[in-house]
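Using the numbering used here, read the sequence shown as starting at 1397 and increasing by one per residue.
We put the CB at the ideal spot given by N, CA and C, even for glycine.
Every value quoted in this text rests on a predicted model; they were computed, and no experiment measured them.
What follows is a set of notes on a single structure, which appears directly below.
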Amino acid sequence: MVRTRIYVVRREDAQAVAEVHGEFFREVRPASTLVIVAGLLDEDMLVEIEAEAIINTES
């Protein structure tokens, strides 16, 4: 994992989302961006996460 982008609808959830992100990616530490947005495509969604990874295909 090299980068994540997190979109959060409710500002008050940002800290909790950031903490869970840190726990999940404890050892990896990808570059990350967290953005507060007015809404997401699906109105029921409160958080959207994009993740980019590099896969080593050499064996």
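Other residues of its chain near residue i: CB distance less than 7 Å, five sequence neighbours each side excluded
| i | result |
| --- | --- |
| isoleucine 1432 | Val1404, Arg1407 and Ala1410 |
Cutoff 8 Å; reference residue i; Cβ partners in own chain excluding five residues on either side
| i | result |
| --- | --- |
| methionine 1397 | Phe1421, Val1424, Pro1426, Ala1447, Glu1448 and Ala1449 |
| glycine 1435 | Val1405 |
Where the beta strand (DSSP E) through residue i begins and ends
| i | result |
| --- | --- |
| glutamate 1439 | Glutamate 1439 -> no beta strand (DSSP E), and no H or E assigned at all. |
Residues bridged to residue i [DSSP beta-bridge criterion]
| i | result |
| --- | --- |
| valine 1404 | Ile1432 and Val1443 |
| alanine 1427 | Arg1399 |
| glutamate 1448 | Arg1399 |
Element boundaries [alpha helix (DSSP H), containing residue i]
| i | result |
| --- | --- |
| phenylalanine 1420 | 1410 to 1420 |
Burial state of residue i (16 or more Cβ within 10 Å)
| i | result |
| --- | --- |
| isoleucine 1451 | exposed |
Beta-carbon contacts of residue i that lie in its chain and below 6 Å, excluding the five residues immediately before and after
| i | result |
| --- | --- |
| arginine 1401 | Thr1429 and Glu1446 |
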